[in-house]
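Novice: Quick one: structure below, then a few questions.
Chains as they are written, first to last, in my numbering: chain A, 1 to 462; chain B, 1 to 462.
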């Protein structure tokens, strides 16, 4: 396997040079180029079937390598080849699309947008599959391996559920291996067992028809920026709870066992704060630990806010409009489609006279999801991770991921249980400047994947 | 006088083509060009002395036309040749720097940025002085007329007080005629007798060192946008009063006579709301009429607010920073230099753990000012306005202007009382898209100015 590591790193660097930012329409050609690059790399790896699947948005890449054995399970690897925007680009130590190796305390790091989220997580599977064949002396994998790598995850996967429904027959599988997550620390084997869902909303408040002179009108008419500040200030109560009407109605309370399992995860709050967060204090919902708040409790965050004059100097106006972008992280059994109505009701509750609101809630969203902790497939995953870390399955910790992907759609449409295997770390600065992947973690990921195909071959399936 | 009207309109159109936006450093050459244009126009009008005075910022224009008579007063006209920014430019019906005449219900209107604020108000003095000489058969004005037209009023006049102190001897005068205001309606003669002052502040709140993934950190660390919303929501109490500690301490209460004089001003609140405000409701401090709130009470307005992701789609981040620009309108005897400390104290009161604040309060600001209602100079102004409107001085209403200029500096440094003569209207959309001047109001302004120089010649002075 280590002979091929250099090839993995070179391949990943080439892929990372493609700025496949799905949120920005100007980068649509780059997202298409990224799909083509990946298709070519999968063909070079040996996949006999590789296809680019168009969608109403960005293309997905599909690949399939059937096992020659009869009666073995089919595993579908899910990931994405699009990346987050890179603003503020001036905070990057190296240009985000010029991958750069930096020596860090845990070994060499590769810095680039998408280094781990999610190109690194997809790339280790190419090496993992080769290692699996080499170690077992096989020409085909021990299980049938399918890959579906979409191009719109960082934009909320707006066409992914449709794609799954259209291609349901081709995608039929016994287990889904989600490769878009990570582990708790470089030397701590762990498995994600749940992910939060996502709903988003954009709010526009309108006051006067045009920007007004604050000397002539200030103190006389309502200011949309004041209304927006009051609205967003009312998003949380004094306990840090989200105030949308009905927001917590469907939240499944954490069981004592779940809280105990989460408490076993080593977590140094001060080190976490001093890491990529570089935050000076924790915040959030009262009554829950920080790990519970970021992994297992629903939240509301304002991601952007703007209005009025933002240029040099000052401009003495009452602006005509104010804007905000919000996202909500959801946990089982909240449903993203319920959040739109909750946001509208909440905005209505806080709207002063003379201000009109427009609430845009894109359809879709992401449902929260969770793995079955006691399934045979989970046992196979724990065994594979344990081998990659030279330890016992019982030493593999269970964690929850705060982020969101379209994993719930995979469960809904394909009816297969989810496993999570990823090589990321909480310190990888995903979505932030200076995103990186720890190269030794990529190796661990490839090793775990190589073991996983053999372990899964032994799992009984319908 | 009417023979020269076409010349006035052509001159004004030429001047308005120069985009002298002082707030934007990119337009500094245009502000300089605007000063040169004005200097040339003053020479053409006949001023024997015309000078461009550099400052640490944009240049001012100074002109002087001594009266040949002995023992007559010296009047100094104050105005400015810079203009407001034009964003959002897509809301202009005609390009802001291509002056366009539009027929309106009260006669022809000239649309352009600066049409009334303040190029129109300065330009009518050129015609007024010619009319004064023609009507009196004089070669020199009946009083010595000086003009000081600065280039940074829309940026808060940061270097104006220094300029006044440096040039105090040249600027010595018995009365200052401020030409940067207006009247209440096209057919209602009125005189401004007070202006609000101005103080401004820019606030930056910092949370995490970089934008963070809201899935990994949401619910765990403080979000600067939430902190900014809570801060700005706390800027006013439930009575609409500004919550800065000590903000009202120096405010002189309105006397019964002042409230009665203001109540005489015809004001149709519904028509006012339906005008340029196009606002659906009034807002502001409880216990005061709308005219009192916008003219005679101090206010706080958020003029701009921004932070996080504002591009297309969504970006699931907790942003590192949030920003806001605020201005405060002040009334006698508030002092702008006191507001900086009040803002800092207020921000400190509302800062959550983990958020750091940076408050930038530019030095300077604008003090509030007021005219002496019973002075002989005021009587001369009322007589001049009354003649321009073919009415009696007692029919001229007193108003207060909500806006701010550096008028208080003129009082402080030059020790001369203020008169206000301007041709603007509340419906002129100053600082907004589609700013205009009503051309018949420019004629009224020129007529009032022509009368004013003769009326002032009869005023006793030290």
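Ideal Cβ positions, reconstructed from N, Cα and C, are used throughout, including at glycine.
1. Could you have a look at residue 181 of chain B and say whether DSSP puts it in helix, strand or coil?
2. Look at the Cβ atom of residue 245 of chain A, then the Cβ atom of residue 334 of chain A, and state whether they are nearer than 8 Å.
3. As a quick exercise: from B/77, B/354, B/368 and B/451, pick the residue whose alpha carbon is nearest that of residue 221 of chain B.
4. Express the C-alpha separation of residue 89 of chain A and residue 136 of chain A in angstroms, rounding to a whole number.
5. Determine which residues share a DSSP beta bridge with residue 190 of chain A and list them.
6. Could you name the residues of chain A that residue 99 of chain B contacts, counting a contact when the two beta carbons are closer than 8 Å?
7. Any C-beta of chain B sitting closer than 8 Å to the C-beta of residue 531 of chain A?
8. Please confirm whether residue 435 of chain A and residue 58 of chain A have their CB atoms less than 8 Å apart.
9. On the CB-based measure, 16 or more other CB atoms within 10 Å of its CB, does residue 298 of chain A come out buried or exposed?
10. What would DSSP say about residue 239 of chain B, mapped onto helix, strand or coil?
11. Flag residue 467 of chain A as yes if its beta-carbon sits less than 8 Å from any beta-carbon of chain B, otherwise no.
12. Quick check: the segment 103-119 of chain A against the segment 435-445 of chain A, are there 3 or more CB pairs under 8 Å?
13. Report all residues from its chain with a CB closer than 8 Å to the CB of residue 4 of chain A; omit the five preceding and five following residues, and keep chain order.
14. Which residues share a DSSP beta bridge with residue 378 of chain B?
15. Helix, strand or coil for residue 329 of chain B, going by three-state DSSP, please let me know.
16. Using the C-alpha atoms, what's the distance from residue 200 of chain A back to residue 440 of chain A?
17. What are the boundary residues of the beta strand (DSSP E) that includes residue 108 of chain B?
18. Can you pull the chain A neighbours of residue 104 of chain B, defined as C-beta to C-beta under 8 Å?
19. Near residue 454 of chain B, which residues of its chain fall below 6 Å by C-beta distance, leaving aside the five closest residues on each side in sequence?
20. Comparing the C-beta of residue 119 of chain B with each C-beta of chain A, is any distance below 8 Å?
21. Kindly indicate if chain B contains any beta-carbon less than 8 Å away from that of residue 213 of chain A.
22. Assuming contact is defined by CB atoms lying nearer than 8 Å, are residue 209 of chain A and residue 278 of chain A in contact in what I supplied?
23. Distance, Cα to Cα, residue 414 of chain B vs residue 144 of chain B?
24. Which partner residues does residue 148 of chain B have in the DSSP bridge list?
25. Could you pull the start and end residues of the beta strand (DSSP E) that residue 102 of chain A belongs to?
26. Straight-line CA distance for residue 206 of chain A to residue 54 of chain B?
27. For residue 24 of chain A, return the contacting residues in chain B, with the cut-off set at a CB-CB distance below 9 Å.
28. Within 10 Å of its beta-carbon, does residue 360 of chain A have 16 or more other beta-carbons around it, so buried, or fewer, so exposed?
29. Please return the same chain residues whose Cβ sits closer than 7 Å to the Cβ of residue 344 of chain B, not counting the five positions on each side in sequence.
30. Which two residues bound the contiguous beta strand (DSSP E) that contains residue 420 of chain A?
31. Please list the segments of the beta strand (DSSP E) lying wholly inside the segment 7-63 of chain B, counting only runs of 3 or more residues, in order along the chain.
32. Within the continuous beta strand (DSSP E) that includes residue 437 of chain A, where are the two ends?
33. Mapping DSSP to helix, strand and coil, what is residue 424 of chain B?
34. Can you list, in chain order, the residues of its chain with a C-beta nearer than 6 Å to that of residue 405 of chain B? Leave out the 5 residues immediately preceding and following it.
35. What separation, rounded to the nearest whole angstrom, lies between the Cα atoms of residue 19 of chain A and residue 26 of chain A?
36. What is the residue span of the beta strand (DSSP E) that residue 204 of chain B lies within?
Specialist: Looking at the coordinates:
1. coil
2. In terms of Cβ geometry, residue 245 of chain A and residue 334 of chain A do not form a close pair [threshold 8 Å].
3. B/354
4. 45 Å
5. A/397
6. Within chain A, no residue comes near residue 99 of chain B; the closest Cβ sits about 19 Å away, beyond 8 Å.
7. An answer regarding residue 531 of chain A cannot be provided, because it is not within the stretch 1 to 462 covered by chain A.
8. no
9. buried
10. coil
11. Because chain A here runs from 1 to 462, residue 467 of chain A falls outside it and cannot be looked at.
12. Result yes; three or more Cβ-Cβ pairs closer than 8 Å.
13. 127, 130 and 131
14. Per DSSP, none; premise fails for residue 378 of chain B.
15. strand
16. 35 Å
17. 107-111
18. The contacting residues do not exist; residue 104 of chain B stays about 17 Å from chain A at best.
19. 142
20. no
21. yes
22. no
23. 16 Å
24. B/62 and B/78
25. 100-104
26. 42 Å
27. 311, 312 and 313
28. exposed
29. When the five nearest sequence neighbours on each side are left out, the beta carbons in the same chain lying within less than 7 Å of the beta carbon of residue 344 of chain B are those of 359, in order along the chain.
30. DSSP places residue 420 of chain A inside the beta strand (DSSP E), whose first and last residues are 418-420.
31. 49-53
32. 436-438
33. Three-state result, residue 424 of chain B: strand.
34. Hits under 6 Å: 153 and 180.
35. 11 Å
36. 197-206
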